[in-house]
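Inspection log for the structure reproduced underneath, given as structure tokens.
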Amino acid sequence: MKPRYSADTWLALVGLGFALLVIFVWVPLDTGTGFVEKVRRRYTIGDALGPTVAAIVIAVGAVLAWLRPAQSGTLTRKNLVWMARLLALFALCLLIMRYAGPLAAMGMEGGYRPLRSTAPWNYIGYLLGGTIMVGGLTGLAAGRFSSRDFVIGFACALVIALLYDLPFDGLVLPPNGDV
């Protein structure tokens with residue numbers, strides 16, 4: 201008997217459900233500002249913009265995966281192992297992003313909080329976690345890890361961090377706002 205939905209369709213439905221959950225539940229409950237805020241006659245990025253844009257990208261990818269013809273069969277053990285590896289890598293990288301800065305400043309007077317918006321301290325967690333995420337994803341996809349992938353990961357994380365940090369005076373790189 202043929203399965204009712206392919207693995208691609210299930211992946212699309214889960215991705216779309218996750219994106220809708222982020223947009224309509226998590227963002228409104230977790231952010232204190234809108235997409236754009238006007239502070240002292242200047243427009244600044246609000247807390248809701250970043251996660252909403254990310255969720256929209258996920259939703260677009262889910263819809264595109266849903267619309268294309270199914271190219272895979274059912275979920276296999278190999279698929280589940282792959283997803284578990286990705287989940288473990290993402291969890292590790294997010295933990296590194298969150299705790300690398302505070303651990304680096306642990307012995308300093310006042311701790312990490314007063315330093316979190318000053319270079320180079322605001323880049324520590326983001327660069328380290330981003331480098332490991334890009335290098336790790338590339339290594340998992342290729343089936344081997346290389347130092348070249350981690351150098352590319354560092355360059356990508358640095359460019360993204362600078363694009364976030366340089367144009368906006370009051371923006372604190374994630375996850376430093378919560379520290």
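The sequence shown maps to residues 201 to 379 in our numbering. Where is the CB? At the ideal position from N, CA and C, for every residue including glycine.
Cβ-based burial, residue i [other Cβ within 10 Å; buried from 16]
{"i": "G215", "result": "buried"}
{"i": "M283", "result": "exposed"}
{"i": "G343", "result": "exposed"}
{"i": "G217", "result": "exposed"}
{"i": "L328", "result": "buried"}
{"i": "M201", "result": "Here the model assigns M201 a pLDDT of 48, short of 50, so the residue's position is not dependable and the matter cannot be decided."}
{"i": "I256", "result": "exposed"}
{"i": "V359", "result": "exposed"}
{"i": "A219", "result": "buried"}
{"i": "G307", "result": "exposed"}
{"i": "A305", "result": "buried"}
Residue j beta carbon less than 8 Å from that of residue i
{"i": "L249", "j": "V236", "result": "yes"}
{"i": "L366", "j": "M333", "result": "no"}
{"i": "L211", "j": "A291", "result": "no"}
Given residue i as reference, the closest of the options once Cα atoms are compared
{"i": "A361", "options": "K278, L287, M297, I256", "result": "M297"}
{"i": "K278", "options": "L294, A219, A207", "result": "A207"}
{"i": "P251", "options": "T233, Y243, R241", "result": "T233"}
Cβ separation of residue i and residue j, assumed to be a contact under 8 Å, to the nearest whole Å
{"i": "G353", "j": "G325", "result": "Wrong, their Cβ atoms sit about 14 Å apart, outside the cutoff."}
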